[in-house]
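Using the numbering used here, the final residue of the sequence shown is 367, and nothing's skipped along the way.
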Amino acid sequence: MEQQALVLEAHYTTHIEGTHLTLTQAQKLLNGEVVKEVDPDDVKELLNYGSAFEFVSSYLESKAPITQGLIREIHKRLVEGVRGGAAAPGQYRTIQNYVVNSSTGAIIYTPPPAYEVPILMAELVGWLENEHDIHPVIVSGIAQFQFVHIHPFLDGNGRTSRLLSTLYLYRAGYDFKRLFTLSEYYDRDRSSFYHALQSVRENNLDMTPWLEYFVEGLSTQLVEVRQKAERIMRADALTLQYQLTLRQHSALLYLLQHGSITIQEFERLYPGINRRTLQRDFSIMAKKNLIVHEGSTNKLVYKLTDGL
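Structure (structure tokens):
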């Protein structure tokens with residue numbers, strides 16, 4: 060599950076920024092497989108995030124403080140070699156930058172001038188290391204907003220802010236075996252994500268709406284992690300009880316999550332396996348009274364047997 064969480068976080072955090080990889084492609088790439096006919100920059104951004112996430116994980120084990128050097132190293136790993144190298148990996152910007160509407164090109168936010176960036180980042184890091192009176196979930200949410208508000212780098216600020224926020228949560232004991240992914244929640248409705256951030260600037264820097272959104276996102280993801288863990292434990296128990304194969308276990312997990320499965324959906328889980336072989340898996344599971352089917356021959360839908 061931890062590896063799957065990394066795949067989800069890497070995929071969704073880069074997808075927010077405009078990459079076009081599918082989740083399946085992302086999973087294959089992070090597993091070291093070659094995927095053809097994809098944008099090399101999209102691939103590099105994804106793999107860079109995997110590298111940065113692993114760096115953060117090892118940094119956590121050292122119990123070292125959050126520093127500007129750490130943040131710059133995270134940024135370097137995220138953007139190095141991507142989109143022509145124009146992001147100045149690990150270096151604070153020395154010119155003015157802007158946040159623009161990707162559809163219209165209109166400027167929606169002008170960050171602080173470049174000469175203020177080192178001062179503002181020193182203040183942010185100092186606050187993170189010395190804040191003990193505010194709940195760590197709230198601190199994490201504030202840090203994410205404040206980072207994108209400063210916008211210290213030419214590019215990659217969003218990805219860096221989300222990884223910094225996640226790092227702070229992990230360090231404060233909210234790592235939950237690193238199974239949750241906030242970026243998945245953000246990517247489901249990007250307009251709500253950006254609106255929550257922009258609402259702070261439109262309301263005299265009142266962070267309440269953003270923090271409500273942030274906490275709701277964390278809560279939603281943790282509930283989903285619990286539900287996913289429960290499905291896996293249930294599938295494992297049934298697999299042991301009914302002596303199922305790995306493919307049949309995968310079909311069972313899909314059923315527990317979605318409520319039904321078709322042969323076409325099973326084929327998408329195992330694209331290299333002959334349809335007749337997959338149909339045989341369904342037949343075996345049906346003979347063991349694990350599943351039943353509904354519909355006509357060409358449109359069969361399989362569901363769990365009542366009571367399971």
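We treat Cβ as the ideally placed atom computed from N, Cα and C, and that holds for glycine.
Exercise. Comparing alpha-carbon positions, which option in Asp365, Asn348, Gly366 and Ser342 lies nearest Leu359?
Worked result: Taking Leu359 as reference, the option from Asp365, Asn348, Gly366 and Ser342 with the minimal CA-CA separation is Ser342.
For this session: Assuming Val138 and Gly215 form a contact by the criterion Cβ under 8 Å, report the distance between their Cβ atoms to the nearest whole angstrom.
Result: Right, the Cβ-Cβ distance comes to about 4 Å (below 8 Å), so this counts as a contact.
Exercise. Is DSSP giving His208 helix, strand or coil here?
Worked result: His208 falls in the helix class under three-state DSSP.
For this session: Check whether the Cβ atoms of Arg293 and Leu328 sit closer than 8 Å, and answer yes or no.
Result: Taking a C-beta distance under 8 Å as the contact criterion, Arg293 and Leu328 do not qualify as a contact pair.
Exercise. Pro148: which of Val196, His134, Ser224 and Gly128 sits nearest, CA to CA?
Worked result: Measuring C-alpha to C-alpha distances from Pro148 to each of Val196, His134, Ser224 and Gly128 identifies His134 as the nearest.
Exercise. Got a sec, what are the start and stop residues for the beta strand (DSSP E) Ile166 sits in?
Worked result: Start and end: Ile166 to Tyr168.
Problem set entry | Residues near Val198 by beta carbon distance below 8 Å, same chain, minus five either side | Non-local C-beta neighbours of Val198 in its own chain, meaning closer than 8 Å and more than five positions away in sequence, comprise Leu187, Glu190, Tyr227 and Ala231, ordered along the chain.
Exercise. Under three-state DSSP, which class holds Leu303?
Worked result: If DSSP states are grouped into helix, strand and coil, Leu303 belongs with coil.
Problem set entry | According to DSSP, residues forming a beta bridge with Val370 | In the structure displayed, the chain extends from 60 to 367; residue 370 sits before or after that span and is not available.
For this session: Please determine if the region 207 to 226 and the region 72 to 85 are in contact, where contact requires at least 3 C-beta pairs separated by less than 8 Å.
Result: Using a Cβ-Cβ distance cut-off of 8 Å, the region 207 to 226 and the region 72 to 85 are in contact, since at least three pairs of beta carbons, one from each stretch, lie closer than that value.
For this session: Output the boundary residues of the alpha helix (DSSP H) element that contains Gln97.
Result: The question names Gln, but residue 97 in the sequence shown is Val. Counting along the chain, Val97 falls outside any alpha helix (DSSP H), and DSSP gives it neither H nor E.
Exercise. Under three-state DSSP, which class holds Glu113?
Worked result: Glu113: helix per DSSP, three-state reduction.
For this session: Go to Val176, then tell me how far its alpha helix (DSSP H) extends in each direction, as first and last residue.
Result: Boundaries of the alpha helix (DSSP H) around Val176: Val176 to Asn189.
Exercise. Whose C-beta lies closer than 6 Å to the C-beta of Leu67 among residues of the same chain, with five residues either side of it excluded?
Worked result: The beta carbon of Leu67 sits closer than 6 Å to those of Thr240 and Glu243, all from its chain and outside the five residues before and after it, given in chain order.
Exercise. I think Tyr151 touches Val176, with their Cβ atoms under 8 Å apart; what is that distance to the nearest whole Å?
Worked result: Between Val176 and Tyr151 the Cβ distance is about 5 Å, and since that is below 8 Å, they are a contact.
Exercise. Would you call the CB atoms of Val97 and Gln86 closer than 8 Å?
Worked result: Between Val97 and Gln86, the C-beta gap is not smaller than 8 Å, which leaves the two residues out of contact.
Exercise. Are Arg136 and Asn107 closer than 8 Å when you measure CB to CB?
Worked result: Yes, these two residues count as a Cβ contact at 8 Å.
Exercise. When you compare each of Ser251, Leu349, Leu337 and Gly354 to Asp365 by their alpha carbons, which one comes out closest?
Worked result: Closest option to Asp365, Cα to Cα, is Leu349.
For this session: Keeping to the same chain, check which residues put their C-beta closer than 7 Å to that of Val159; ignore five residues upstream and five downstream.
Result: Excluding residues within five positions, the ones whose Cβ falls inside 7 Å are Ala165, Ile166 and Ile167.
Exercise. Anyone know if the C-beta pair for Ala288 and Pro268 falls short of 8 Å?
Worked result: Cβ atoms of Ala288 and Pro268: not closer than 8 Å.
For this session: Out of Ile154, Tyr118 and His208, state which residue places its alpha-carbon closest to the alpha-carbon of Asp265.
Result: Of Ile154, Tyr118 and His208, the residue nearest in Cα terms is His208.
For this session: Less than 8 Å between the CB atoms is what I'm expecting for Thr81 and Arg221, so what's the real figure, rounded?
Result: 20 Å between Cβ atoms; not a contact.
Exercise. Can you tell me where the alpha helix (DSSP H) with Glu132 in it begins and where it stops?
Worked result: From DSSP, the alpha helix (DSSP H) with Glu132 extends over Gln127 to Val138.
Problem set entry | Leu363, enclosing beta strand (DSSP E) - first and last residue | Start and end: Val360 to Leu363.
For this session: From the DSSP output, in three-state form, read off Met60 for me.
Result: A caution first: Met60 carries a pLDDT of 48, below 50, which makes its placement in the model unreliable, though a value can still be read off. Under the three-state reduction of DSSP, Met60 is assigned to coil, being neither helix nor strand.
Exercise. Relative to the C-alpha of Ser116, which residue among Ser161, Leu65, Ala310 and Ser162 is closest?
Worked result: Nearest option by C-alpha distance: Leu65.
Exercise. By Cβ distance below 7 Å, which residues in the same chain neighbour Ala111 in space, the five residues on each side in sequence not counted?
Worked result: Same-chain partners within the cutoff: Ile133, Arg136, Leu137 and Leu222.
Exercise. Using the rule of at least 16 other Cβ atoms within 10 Å of the residue's Cβ for burial, across every protein chain shown, is His70 buried or exposed?
Worked result: Residue environment analysis places His70 among the buried positions, since at least 16 neighbouring C-beta atoms fall within 10 angstroms of its C-beta.
Exercise. Between the C-alpha atoms of Val141 and Thr126, what's the straight-line distance to the nearest angstrom?
Worked result: If you take the alpha carbons of Val141 and Thr126, they lie about 24 Å apart.
Exercise. How many Å lie between Lys346 and Val94 at the Cα?
Worked result: Cα-Cα distance, rounded: 38 Å.
Exercise. Can you round the beta-carbon distance between Val282 and Val196 to whole angstroms, since I take them to be within the 8 Å contact cut?
Worked result: Contact flag wrong, Cβ pair sits at about 15 Å.
Exercise. Which same chain residues, not among the five before or five after Ile109, have their C-beta less than 8 Å away from its C-beta?
Worked result: Looking at the sequence shown, residue 109 is not Ile but Gly. Counting only residues of its own chain and dropping the five nearest sequence neighbours on each side, Gly109 has a CB closer than 8 Å to the CB of Leu65, Ala69 and Leu89.
Problem set entry | Nearest-angstrom Cα separation, counted from Arg306 out to Val351 | The alpha-carbon atoms of Val351 and Arg306 are separated by roughly 17 Å.
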